[in-house]
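>
Residue numbers (full-length UniProt numbering): 1 to 148.
Spelled out as structure tokens, the structure:
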């Protein structure tokens, strides 16, 4: 949601290659095939390995911050993921999970073409739902903040 994507380090296809969060560029290192398992979980097969390997929680750890790497697919518990839809928050243009004055400031800076003002979730800024982001969307965002 913040413009980064799961990335196979150096587009390698070897076991143990780390999975990183890096700026989205859309190349092979950031492409995956979802494979639904019979238990309803999913394996994320990596395009970097020609779908022979998948995301794998190192040592099948359940600890916060456990390392995620790429490993040849074998269907183990460390390769099973539960996918849940992201809850979109209207007006949350920086995609931090909350609507706040920071979103209004960011949208205003973006509308004024301030350098480095980047909308992480531009769809959240289109409050008029007209596929155009303009001052009318900013007005609605400010109104939403006042009504909180």
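Note that the Cβ used here is the ideal one computed from N, Cα and C, for glycine as well.
Is the number of C-beta pairs between the stretch 119 to 131 and the stretch 91 to 103 that are closer than 8 Å three or more?
The answer is yes - the stretch 91 to 103 touches the stretch 119 to 131, with three or more Cβ pairs under 8 Å.
> How would you write the range of the beta strand (DSSP E) that residue 19 sits in, first residue to last?
It spans 17 to 23 - the beta strand (DSSP E) in which residue 19 sits, taken as one unbroken run.
> Looking at the strands, I want to know which residues DSSP matches up with residue 33.
DSSP lists 45 as partners of residue 33.
> With DSSP run on the structure shown, which of helix, strand or coil describes residue 127?
Here residue 127 sits in coil by DSSP.
> Go through the stretch 57 to 96 residue by residue and report every complete run of the beta strand (DSSP E) that reaches 3 residues or more, in order.
If we require 3 residues or more, the beta strand (DSSP E) runs fully inside the stretch 57 to 96 come out as 68 to 72.
> Would you check if there are 3 or more beta carbon pairs closer than 8 Å linking the stretch 33 to 42 to the stretch 4 to 24?
No, because fewer than three Cβ pairs between the stretch 33 to 42 and the stretch 4 to 24 fall closer than 8 Å, the two stretches do not touch.
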